[in-house]
Amino acid sequence: MDPLVLSTNRLLRILSHLNKTFPRLQRISAYASPSNLNRKSLSELEELHSAGLKLLFVGLESGDNQVLKFISKGET
702 MDPLVLSTNR
712 LLRILSHLNK
722 TFPRLQRISA
732 YASPSNLNRK
742 SLSELEELHS
752 AGLKLLFVGL
762 ESGDNQVLKF
772 ISKGET
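Residues 702 to 777 in my numbering are what the sequence shown spells out, letter by letter.
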């Protein structure tokens, strides 16, 4: 699941809850699709980072349109 599909305000509430529930938590990471990552502004991403979201995994398979079509992948 890509949590960046959620609104920034909702993500901030979730991050706050995680940090309160797990006070020794050092880092929060998540998977992100390029399209959802691109929908967030730089200031939103900075807010999320400050709230504890320190690492996003973005999967990249190919930049070749033929390969993307073959594997039915809409984006890289």
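Here a beta-carbon is modelled for each residue, glycine too, at the ideal position from N, C-alpha and C.
So which of the options has the shortest CA-CA distance to residue i?
| i | options | result |
| --- | --- | --- |
| K755 | Y732, S736, S742, N737 | Y732 |
| R714 | G764, A752, L761, D765 | A752 |
| R728 | V706, T709, L705, L757 | L757 |
| D703 | S734, K721, S773 | S734 |
| T709 | E745, L769, I772 | E745 |
Assign residue i to buried or exposed, taking buried as 16 or more other Cβ atoms, counted over all protein chains shown, within 10 Å of its Cβ.
| i | result |
| --- | --- |
| L743 | exposed |
| L761 | exposed |
| L783 | This structure cannot speak to residue 783, because the chain is shown only from 702 to 777. |
Got a sec, what are the start and stop residues for the alpha helix (DSSP H) residue i sits in?
| i | result |
| --- | --- |
| F771 | 766-771 |
| L719 | 709-722 |
| L746 | 743-751 |
Since residue i sits in a beta bridge, which residues does DSSP pair it with?
| i | result |
| --- | --- |
| A733 | According to DSSP, A733 bridges with nothing at all. |
Can you name the start and end residues of the beta strand (DSSP E) that residue i belongs to?
| i | result |
| --- | --- |
| K755 | 754-758 |
For the stretch 739-752 and the stretch 704-723, state whether three or more C-beta atom pairs, one from each stretch, are separated by less than 8 Å.
-> yes
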